[in-house]
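Have a look at the structure below before the remarks.
Protein chains: 2
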Amino acid sequence: MSSKRAPTIIDVAREAGVSIKTVSRVLNQEPGVHSETREQVLKVVAALNYRPKLSARALAGARSYLIGLLYYDPSAAFVAWVQQGATLRCREAGYHLVVESLDNDAPDIETQVERMLAALQPDGMILTPPICDNPKVIQALRAAGTPFVQMSPGQPAADAGVVCMDEVQAAEEVTHLLISLGHRHIGFIGGPADQAASGLRRQGFERAMAAHGLALEPELLQPGDFTFRSGVEAAHRLLSRRQRPSAVFAGNDDVALGVLAAAQRLGLAVPGDLSIAGFDDSPAAGLVWPALTTVRQPVAAMARSAVELLIAPPESEGQGPPRRVLAHELLVRDSTSALPTPPSRRRSPKG
Amino acid sequence: MSSKRAPTIIDVAREAGVSIKTVSRVLNQEPGVHSETREQVLKVVAALNYRPKLSARALAGARSYLIGLLYYDPSAAFVAWVQQGATLRCREAGYHLVVESLDNDAPDIETQVERMLAALQPDGMILTPPICDNPKVIQALRAAGTPFVQMSPGQPAADAGVVCMDEVQAAEEVTHLLISLGHRHIGFIGGPADQAASGLRRQGFERAMAAHGLALEPELLQPGDFTFRSGVEAAHRLLSRRQRPSAVFAGNDDVALGVLAAAQRLGLAVPGDLSIAGFDDSPAAGLVWPALTTVRQPVAAMARSAVELLIAPPESEGQGPPRRVLAHELLVRDSTSALPTPPSRRRSPKG
DNA sequence: CTGAAAGCGCTTACAG
DNA sequence: CTGAAAGCGCTTACAG
Chain A
14 MSSKRAPTII
24 DVAREAGVSI
34 KTVSRVLNQE
44 PGVHSETREQ
54 VLKVVAALNY
64 RPKLSARALA
74 GARSYLIGLL
84 YYDPSAAFVA
94 WVQQGATLRC
104 REAGYHLVVE
114 SLDNDAPDIE
124 TQVERMLAAL
134 QPDGMILTPP
144 ICDNPKVIQA
154 LRAAGTPFVQ
164 MSPGQPAADA
174 GVVCMDEVQA
184 AEEVTHLLIS
194 LGHRHIGFIG
204 GPADQAASGL
214 RRQGFERAMA
224 AHGLALEPEL
234 LQPGDFTFRS
244 GVEAAHRLLS
254 RRQRPSAVFA
264 GNDDVALGVL
274 AAAQRLGLAV
284 PGDLSIAGFD
294 DSPAAGLVWP
304 ALTTVRQPVA
314 AMARSAVELL
324 IAPPESEGQG
334 PPRRVLAHEL
344 LVRDSTSALP
354 TPPSRRRSPK
364 G
Chain B
14 MSSKRAPTII
24 DVAREAGVSI
34 KTVSRVLNQE
44 PGVHSETREQ
54 VLKVVAALNY
64 RPKLSARALA
74 GARSYLIGLL
84 YYDPSAAFVA
94 WVQQGATLRC
104 REAGYHLVVE
114 SLDNDAPDIE
124 TQVERMLAAL
134 QPDGMILTPP
144 ICDNPKVIQA
154 LRAAGTPFVQ
164 MSPGQPAADA
174 GVVCMDEVQA
184 AEEVTHLLIS
194 LGHRHIGFIG
204 GPADQAASGL
214 RRQGFERAMA
224 AHGLALEPEL
234 LQPGDFTFRS
244 GVEAAHRLLS
254 RRQRPSAVFA
264 GNDDVALGVL
274 AAAQRLGLAV
284 PGDLSIAGFD
294 DSPAAGLVWP
304 ALTTVRQPVA
314 AMARSAVELL
324 IAPPESEGQG
334 PPRRVLAHEL
344 LVRDSTSALP
354 TPPSRRRSPK
364 G
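Residue numbers (this note's numbering), protein chains in the order written: chain A, 14 to 364; chain B, 14 to 364.
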């Protein structure tokens with residue numbers, strides 16, 4: 014079965030009684046083909062089960078039908094969602110997704126990317142954080158003339174598409190929720206400086222606090238690095254204070270899980286003694302008790318948009334490169350609840 | 014910069030004063046090139062920064078330098094690890110990884126795979142569970158003559174490579190651990206019937222119980238489907254019994270997390286009142302308190318092996334297709350502990 | 001050890 | 001609306 018040579022465009026042309034150029038036109042949906050001719054060609058294509066080979070199309074034409082995805086040590090869930098959105102959109106358009114895991118700190122990262130681009134000649138590249146802000150990677154992309162889209166970049170490039178969500182707005186919503194539940198002393202645990210999301214989420218937190226006339230207590234602003242461990246450590250600092258916060262907004266879910274673990278270890282009830290909110294809707298967020306209140310990022314939709322910007326760039330929508338801001342979702346689950354007693358209480362009874 | 018045409022093999026040949034065939038020989042590390050000639054060619058390659066284009070190599074030759082990865086709704090962590098291992102190994106060998114997310118239940122899945130194979134002409138394909146056991150997918154692969162490797166298959170194909178770990182052995186080790194901690198009444202929560210791992214893990218559990226002369230209590234064998242929810246439900250069934258088990262071995266980590274959540278909700282201390290063990294070492298397993306005792310699958314190493322079997326099939330190692338069984342690791346963490354009191358106790362004091 | 005020629009299977013100008 | 005020719009950039013027999 015595999016010995017039977019696969020049909021080529023020549024076979025189709027011969028069978029349909031037209032030139033290969035006409036077959037090519039039909040396949041690429043170019044205009045200017047008589048509808049009867051088109052029908053006839055399509056019939057033969059179906060009969061022979063003909064599929065154009067990507068390598069031949071790529072060599073002859075200007076497109077490779079390949080989209081690249083570059084990532085570095087993201088949460089596994091993030092990559093999985095990106096790929097879900099990207100591969101589905103690629104399939105719809107006859108494209109394919111090539112993935113490459115990079116070391117963002119590798120000294121030869123520019124060469125690695127340059128190699129990949131030269132060999133693969135992808136029609137576009139999707140960059141996830143923190144790769145999307147790596148100057149060497151962007152330099153390699155520019156040198157090769159490969160279009161690219163940054164997902165949630167900290168530093169949007171002048172010549173790249175951008176897909177993201179409104180991190181500031183989402184962080185504001187989380188903070189509003191906590192405040193509306195009666196919390197006044199709210200701890201905040203930030204992320205690493207080199208991740209754009211860190212600053213944006215903190216900005217949202219501060220904005221919401223200010224909007225409600227609540228002062229920021231410096232001791233309640235704790236550093237973190239988006240890891241479980243940093244959540245545990247920050248929680249110990251926050252919860253060992255004489256007046257501990259009644260709620261904590263963690264910069265992401267891993268940190269929130271660290272806070273949750275620390276609180277449970279200290280014998281605090283969540284959310285009875287402490288409300289906890291995270292960010293990202295990581296898989297684990299729904300797999301703990303109590304389930305974490307968090308923000309769902311539209312990652313798959315962002316990836317889908319990224320592919321679209323790459324395969325069919327919008328025609329001059331005002332100035333500058335295209336930008337897509339997608340809607341997020343605040344997920345109010347079980348780790349947050351209303352403050353049970355006056356905010357000045359020191360101990361709460363344990364059920 | 015991008016307007017400057019990329020150098021081709023012809024440019025290299027001219028510059029080096031040899032034929033393109035000789036350049037091709039050097040690039041492909043074929044024997045029979047004078048070392049001086051080789052040096053000269055490599056010097057020019059470096060000077061011009063020449064990189065062969067995959068599309069041209071694929072069209073002219075027998076290889077595409079593309080490896081495909083097919084998956085369906087795996088845990089995000091699983092895909093992430095597979096890709097980590099696969100892309101690194103691919104890069105070392107000048108290959109690239111194309112990923113495709115499929116719907117294992119789609120009626121036209123065979124056509125989808127057939128299309129992909131015809132367009133991409135990958136040199137090999139990696140199948141993850143449960144795709145690796147889908148007859149339609151395997152049929153499409155065979156029809157196209159594309160070599161493939163199954164990762165942890167339930168039904169090893171006669172003509173495919175296999176990479177896996179010893180699930181039975183690992184499940185035995187987990188069970189041995191619990192027994193050695195003094196547990197005698199151990200609950201087991203199985204997985205879905207269509208996942209090969211379900212049966213193998215249960216087999217290991219039963220084997221270890223038998224080895225210690227412990228009878229299987231039918232009420233302690235609970236069904237599940239590898240989801241958090243099924244873990245919660247099974248836990249309620251197990252823990253509401255008059256004589257509840259002192260330990261639970263969950264079929265995977267998501268289920269174990271469900272048991273943990275249910276136990277905590279019921280006010281049981283883990284591991285004080287109940288030891289819990291999982292399987293997979295999912296990211297969440299280390300992000301809860303107490304951290305889950307579990308089994309780390311060598312997923313990245315398995316993927317690396319899969320790539321190797323595809324790009325350089327071993328020369329006739331005995332009969333049949335190659336098979337690689339990789340070492341797993343039992344991770345003893347905080348969710349399991351020794352039985353504190355005689356096994357016949359009904360209530361344990363709560364710290 | 002080295003090379004000239006053909007050819008892989010498409011798309012791209014160009015012509016009519 | 002349709003087609004003949006050239007060419008993309010490599011590898012593959014084949015020859016010496």
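Ideal Cβ placement from N, Cα and C applies to all residues, glycine included.
For this session: Just the chain A side, please: which residues come within less than 8 Å of B:Lys433 by C-beta, in chain order?
Result: Residue 433 of chain B lies beyond the residue range present for chain B, which begins at 14 and ends at 364; the question has no answer from this structure.
For this session: State yes or no: is the beta carbon of B:Leu270 nearer than 8 Å to at least one beta carbon in chain A?
Result: Position 257 of the second sequence holds residue 270 of chain B. By this cut-off, B:Leu270 is an interface position.
Problem set entry | Through-space distance from A:Ser288 to A:Leu229, alpha-carbon basis | On the first sequence, position 216 is the one that residue 229 of chain A refers to. On the first sequence, position 275 is the one that residue 288 of chain A refers to. Going by the C-alpha atoms only, they are around 18 Å apart.
For this session: Write down every uninterrupted run of the alpha helix (DSSP H) in the segment 47 to 96 of chain B whose length is 4 residues or greater and which is fully enclosed by it, in chain order.
Result: List check, alpha helix (DSSP H) in window: 48 to 61, 67 to 73.
Exercise. Is there contact between the segment 242 to 255 of chain A and the segment 271 to 282 of chain A, where contact requires at least three CB pairs shorter than 8 Å?
Worked result: yes
Exercise. Among all the DSSP beta bridges, which residues are the ones paired with A:Glu113?
Worked result: As a working note, residue 113 of chain A is residue 100 in the first sequence. Per DSSP, A:Leu83.
For this session: Mind listing the chain B neighbours of A:Phe241? Cutoff is C-beta to C-beta under 8 Å, in chain order.
Result: In the first sequence, residue 241 of chain A corresponds to position 228, counting from 1. Simply Gly299, Leu300.
For this session: Indicate the three-state DSSP secondary structure (helix, strand or coil) for A:Gln163 in the structure shown.
Result: Position 150 of the first sequence, counted from the first residue, corresponds to residue 163 of chain A. Per DSSP, reduced to three states, the secondary structure at A:Gln163 is strand.
Exercise. So with Cβ pairs under 8 Å, would you call A:Ser15 a contact of chain B?
Worked result: To locate residue 15 of chain A, count along the first sequence from 1; it is residue 2. Legend: pLDDT at A:Ser15 = 42, less than 50; position of this residue unreliable, value from coordinates given subsequently. For A:Ser15, a Cβ of chain B is located within less than 8 Å of the residue's own Cβ.
Problem set entry | Span of the alpha helix (DSSP H), counted from its first residue to its last, around A:Ser193 | In the first sequence, residue 193 of chain A corresponds to position 180, counting from 1. Here the alpha helix (DSSP H) through A:Ser193 covers 180 to 193.
For this session: With distances taken Cα to Cα, identify the nearest neighbour of A:Thr124 among A:Ala156, A:Thr100, A:Val54.
Result: To locate residue 124 of chain A, count along the first sequence from 1; it is residue 111. Checked all of A:Ala156, A:Thr100, A:Val54; the closest Cα to A:Thr124 is A:Ala156.
For this session: Return helix, strand or coil for A:Val345, following the three-state DSSP convention.
Result: Position 332 of the first sequence holds residue 345 of chain A. Here A:Val345 sits in coil by DSSP.
For this session: Using alpha carbons as the reference points, say which of A:Val36, A:Thr141, A:Arg104 lies closest to A:Val312.
Result: In the first sequence, the residue the question calls residue 312 of chain A occupies position 299. Selected option, being the one with the closest Cα: A:Thr141.
For this session: Give the DSSP bridge partners of A:Leu339, in chain order.
Result: Along the first sequence, one-based indexing puts residue 339 of chain A at 326. Beta bridge pairing from DSSP links A:Leu339 with A:Met178.
Problem set entry | Through-space distance from B:Asn62 to B:Ile22, alpha-carbon basis | The residue you call residue 22 of chain B lines up with position 9 of the second sequence. The residue you call residue 62 of chain B lines up with position 49 of the second sequence. Computed Cα separation, rounded: 11 Å.
Problem set entry | Residues near A:Glu342 in its chain [Cβ-Cβ closer than 6 Å; skip 5 each side] | Taking the first sequence and counting its residues from 1, one reaches residue 342 of chain A at position 329. Within the same chain, A:Glu342 has close Cβ partners Arg309.
Problem set entry | B:Pro362 to B:Ser259 span [Cα, whole Å] | By 1-based counting over the second sequence, the position of residue 362 of chain B is 349. By 1-based counting over the second sequence, the position of residue 259 of chain B is 246. Only weak support exists for where B:Pro362 lies, its pLDDT of 46 falling under 50; the value from the coordinates is given anyway. If you take the alpha carbons of B:Pro362 and B:Ser259, they lie about 14 Å apart.
For this session: Please confirm whether A:Arg346 and A:Ala304 have their CB atoms less than 8 Å apart.
Result: Within the first sequence, residue 346 of chain A is the residue found at index 333, counting from 1. Within the first sequence, residue 304 of chain A is the residue found at index 291, counting from 1. Yes, these two residues count as a Cβ contact at 8 Å.
For this session: With 8 Å as the threshold, decide whether the Cβ of A:Ala93 is near any Cβ in chain B.
Result: As a first step, residue 93 of chain A must be located in the first sequence, where it is residue number 80. By this cut-off, A:Ala93 is an interface position.
Exercise. Does DSSP put A:Leu229 in a helix, a strand or coil?
Worked result: Numbered from 1 along the first sequence, position 216 holds the residue referred to as residue 229 of chain A. A:Leu229 falls in the coil class under three-state DSSP.
Problem set entry | Beta-carbon contacts of A:His225 that lie in its chain and below 7 Å, excluding the five residues immediately before and after | Stepping through the first sequence from its first residue, residue 225 of chain A is reached at position 212. The answer, listed in chain order, is Ile192.
Exercise. What residues in the segment 66 to 87 of chain A bring their beta carbon closer than 7 Å to a beta carbon of chain B?
Worked result: Lys66, Leu67, Ser68, Ala69, Ala71, Leu72, Ser77
Problem set entry | Other residues of its chain near A:Met222: CB distance less than 8 Å, five sequence neighbours each side excluded | Your numbering for residue 222 of chain A matches position 209 in the first sequence. Here the set comprises Thr188, Ile192, Ile199, Ala228, Leu229.
For this session: Please look up how many angstroms separate the CB atoms of A:Ala93 and B:Ala93, rounded, as I've assumed it's under 8 Å.
Result: Here residue 93 of chain A corresponds to residue number 80 of the first sequence, with the count starting at 1. Here residue 93 of chain B corresponds to residue number 80 of the second sequence, with the count starting at 1. Yes, they are in contact, since the Cβ atoms of A:Ala93 and B:Ala93 sit about 7 Å apart, within 8 Å.
Exercise. Short check: CB of A:Ser338 to CB of A:Asp179, under 8 Å?
Worked result: For the purposes of this step, residue 338 of chain A is identified with residue 325 of the first sequence, where counting begins at 1. For the purposes of this step, residue 179 of chain A is identified with residue 166 of the first sequence, where counting begins at 1. Reading off the sequence shown, one finds Val at residue 338 of chain A, where the question assumed Ser. Yes, these two residues count as a Cβ contact at 8 Å.
Exercise. Buried or exposed: which applies to A:Lys56, given that a residue is buried once 16 or more other Cβ atoms fall within 10 Å of its Cβ?
Worked result: Within the first sequence, the letter at position 43 stands for residue 56 of chain A. When all chains shown are included, A:Lys56 counts as exposed.
For this session: Identify, in the order they occur along the chain, each residue of the same chain with its Cβ nearer than 6 Å to the Cβ of A:Gly137, setting aside the five sequence neighbours on each side.
Result: Residue numbering aside, residue 137 of chain A sits at position 124 when the first sequence is read from its first letter. Same-chain partners within the cutoff: Ile80, Pro160, Leu323.
For this session: Check distances from the C-beta atoms of the segment 121 to 138 of chain A to those of chain B and list, in chain order, the residues that come in under 9 Å.
Result: Gln125, Glu127, Arg128, Met129, Leu130, Ala131, Ala132, Leu133, Gln134
Problem set entry | Residues sharing a beta bridge with B:Asp293, DSSP | As a first step, residue 293 of chain B is located in the second sequence; it is residue number 280 there, counting from the start. Per DSSP, B:Arg309.
For this session: Report yes if the CB atom of A:Gly264 is closer than 8 Å to the CB atom of A:Ser350, and no otherwise.
Result: As a first step, residue 264 of chain A must be located in the first sequence, where it is residue number 251. As a first step, residue 350 of chain A must be located in the first sequence, where it is residue number 337. In terms of Cβ geometry, A:Gly264 and A:Ser350 do not form a close pair [threshold 8 Å].
Problem set entry | Bounding residues of the alpha helix (DSSP H) (the contiguous stretch that carries B:Val268) | As a position in the second sequence, residue 268 of chain B is number 255, starting the count at 1. Taken as a continuous stretch (DSSP letters only), the alpha helix (DSSP H) holding B:Val268 covers 266 to 278.
Exercise. Straight-line CA distance for A:Leu233 to A:Leu251?
Worked result: The sequence position of residue 233 of chain A within the first sequence is 220, counting from 1. The sequence position of residue 251 of chain A within the first sequence is 238, counting from 1. A:Leu233 and A:Leu251: Cα-Cα distance of roughly 7 Å.
Exercise. Since A:Arg278 meets chain B, which of its residues come closer than 7 Å, beta carbon to beta carbon?
Worked result: The residue labelled residue 278 of chain A in the question sits at position 265 within the first sequence. Per Cβ cutoff of 7 Å: Trp302.
Problem set entry | DSSP three-state assignment for A:Phe262, whether helix, strand or coil | Taking the first residue of the first sequence as position 1, residue 262 of chain A is located at position 249. In the structure shown, A:Phe262 sits in a strand (DSSP, three-state: E or B).
Problem set entry | For A:Val261 and A:Leu194, the rounded distance between their alpha carbons | On the first sequence, position 181 is the one that residue 194 of chain A refers to. On the first sequence, position 248 is the one that residue 261 of chain A refers to. Roughly 13 Å between the two C-alpha positions.
Exercise. Out of curiosity, what's the CA-to-CA distance linking A:Asp172 and B:Glu113?
Worked result: For this step, residue 172 of chain A is matched to residue 159 along the first sequence. For this step, residue 113 of chain B is matched to residue 100 along the second sequence. Near 29 Å, if we compare the C-alpha coordinates of B:Glu113 and A:Asp172.
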